[in-house]
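If you read the sequence shown in our numbering, its first letter stands for residue 9, the second for the next number, and so on.
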Amino acid sequence: MVITAFFSPSLSRRMEAGSARLARPQRFGIVSKAVQTSFTFDGYSMPIKRKEAGGMMENGNEYKEYRNEAQYGPGLGSQTGEPLTPMKPEEDRKNMNRKRGGGFRRGGAVMLGLLLAFGAGMGGGYAAFRLWGDDGKAQTGLNLNVTATSTGSQDEIAPTGLAAAAESVVEIVTTARSGGMSMMGSQSVTEGAGSGVIVTADGYIVTNNHVIEDADTIQIRLRNGETYDATLVGTDEKTDIALLKIEAAGLTAATIGSSSSLQMGDKAYVVGNPLGQLGGTMTQGIISALDREITVSGETMNLLQTDAAVNPGNSGGGLFNASGELVGIVVAKSIGTEVEGLGFAIPIDDVTPVLEELSKHGYVTGRPYMGATLLDITDAQTMMMYRVNRQGVYVLKVEENGKAAQAGLMAGDCILAVDGAEVASASQVTGLIAEKSVGDSITLTVLRNNQEQSVTVTLGEYVPSNS
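This is the structure:
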């Protein structure tokens, strides 16, 4: 079963500033005629402006394209130390066999997009335990309304709690200007819609990073119709969480529950802004799975799975239990024509420590940083595309003056092991790095020009460029 991911801007509108004339936008992201099952960030309505993009070959396999490179480089096989790029898709199609491929990888994460490890580019994964106190609870800076998990039967629905849950969910509208001014003095504007959840009575709101990424303006609409301009407090691309703030008081904040106490079969309710026009919509289902490992555009996430209806515009909205407690932040859904009832949410136990960090620093501190972008090469076609002679975890790019570059790691190196532990995927590398602390050293065993070498990297701390 071939699966992929694309970011759907189906809710977006492109308009000329100062004009009422609208044009239907094109879809951005990874698209494929061969896709049978796919997943999307369900409420993302503006195009992701990432450098990396890709899609599916006509024969059903993935290709990866770097659109903003000045030219296509020599490939992974020739160790020049320069950032590495694949063959052009057009050239690649001529050389590939027409055998249909793809599908799930047994024992691994469900693959939702390219295996380009952005986490590896940041030098490691998210070590949640670093954000928790010795008692296992989040160190509270925000005045979150945290409660003990309801001990009542899941069959006993709390209508009062669900009503309050609906009040805590807001509509988010974003605008982003792109391109220069036209001869008529107007500029293209992309408008998007998503959802968010009020987490404090004084106006802190959680949503997905992909809902507000690249936005020039962010506006919040409450359930009572009041609108506010929002300030971006902080974002975390790795966990796809963003924290917003509006100047308001006395708001209905969500009661924070516990995702770790959920069980398969528990009732679940999704509240959000589907289609960007139906704010406050609630759909009902169950918790279909716990700790579902999903990879979306290179980021591996452990998500809650639900069969409650999730639609475009629900991104950043809430997943609630029968008591009306917030147990997850909706992030993705299936869009396959042959698949129904596959929605995903970030567990609230993973969200709250990130919110604390964002409120204090604007980003998540303490993440070990290597300064290299990694790429999994797992099939013959991708091997040919990058001109390598073996599968493995390759260094796609080394950040200039970063820790990896200082240690001598080069683009084109194939990583065989980390501190002696063999690795077969970029997620394994980032997972091992996540277990380290800033200032620790790791020894990478790499294959370079058909010879094994050891490279010792001292890990730094990842600080986003916009912080």
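C-beta: ideal position from N, C-alpha, C; glycine also.
Three-state secondary structure assigned by DSSP to residue i
i, result
"L467", "coil"
"I441", "helix"
"Q285", "coil"
"E365", "helix"
"L334", "strand"
"I294", "strand"
"N458", "coil"
"I213", "strand"
"A238", "coil"
"Q271", "coil"
"E199", "strand"
"K405", "strand"
"S342", "strand"
"V396", "coil"
"V372", "coil"
"K246", "coil"
"S323", "coil"
"I254", "coil"
"G428", "coil"
"V219", "helix"
"S504", "The structure shown has nothing for residue 504, since the chain only spans 9 to 475."
"M391", "helix"
"D224", "coil"
Assumed close pair residue i, residue j - CB separation to whole angstroms, cut-off 8 Å
i, j, result
"V403", "M418", "7 Å"
"V214", "V359", "7 Å"
"A201", "G293", "Not confirmed; about 22 Å, so no contact."
"E407", "G379", "4 Å"
"T183", "T225", "5 Å"
"L170", "G332", "5 Å"
"V279", "A173", "6 Å"
"I354", "D248", "7 Å"
"V241", "L152", "Wrong, their Cβ atoms sit about 14 Å apart, outside the cutoff."
"S176", "A262", "4 Å"
Nearest-angstrom Cα separation, counted from residue j out to residue i
i, j, result
"N397", "S323", "41 Å"
"L327", "R185", "31 Å"
"D299", "M309", "9 Å"
"A317", "I302", "19 Å"
"A413", "G420", "13 Å"
"L452", "L382", "13 Å"
"P361", "E443", "17 Å"
"V205", "L270", "20 Å"
"M391", "L311", "31 Å"
"V347", "V181", "29 Å"
"M290", "L251", "23 Å"
"L363", "Q459", "45 Å"
"N474", "N409", "18 Å"
"S445", "G233", "46 Å"
"N319", "A415", "46 Å"
"E199", "A209", "27 Å"
Other residues of its chain near residue i: CB distance less than 8 Å, five sequence neighbours each side excluded
i, result
"T235", "Q227, I228 and R229"
"P430", "The question names Pro, yet the displayed sequence has Glu at residue 430. Excluding positions up to five away in sequence, the list reads L424."
"E476", "It is not possible to answer for residue 476, since the shown part of the chain is limited to 9 through 475."
"R456", "Q87, M418, G420, D421 and C422"
"I220", "I180, T182, G202, I226, L240, T243, A250 and L252"
Residue j beta carbon less than 7 Å from that of residue i
i, j, result
"Y470", "Y377", "yes"
"G422", "G447", "The sequence given here has Cys at residue 422, not Gly. Not a contact, by the Cβ cut-off of 7 Å."
"T464", "K411", "no"
"N281", "T243", "no"
"K368", "A330", "no"
"L334", "I264", "yes"
"G287", "E179", "yes"
"G336", "S267", "yes"
"V339", "F352", "yes"
"S203", "G284", "no"
Close Cβ partners of residue i (< 6 Å) along its chain, the five nearest in sequence each way excluded
i, result
"T239", "K253"
"S296", "Q313, T314 and D315"
"P472", "Y371"
"E245", "N217"
"G468", "Y377 and K411"
"D357", "S267 and S268"
"G133", "The predicted position of G133 is uncertain, since its pLDDT is 34 and thus under 50; a value taken from the coordinates is nonetheless stated next. Closer than 6 Å at the Cβ level, and outside the excluded window around G133, lie G127, T438, G439 and A442."
"A223", "T182 and A184"
Cβ shell of residue i (< 7 Å), same chain only, five flanking positions each side left out
i, result
"Q461", "V454"
"S433", "D384 and V401"
"V426", "V437, L440, I450 and L452"
"V154", "I264"
"G273", "I294 and I295"
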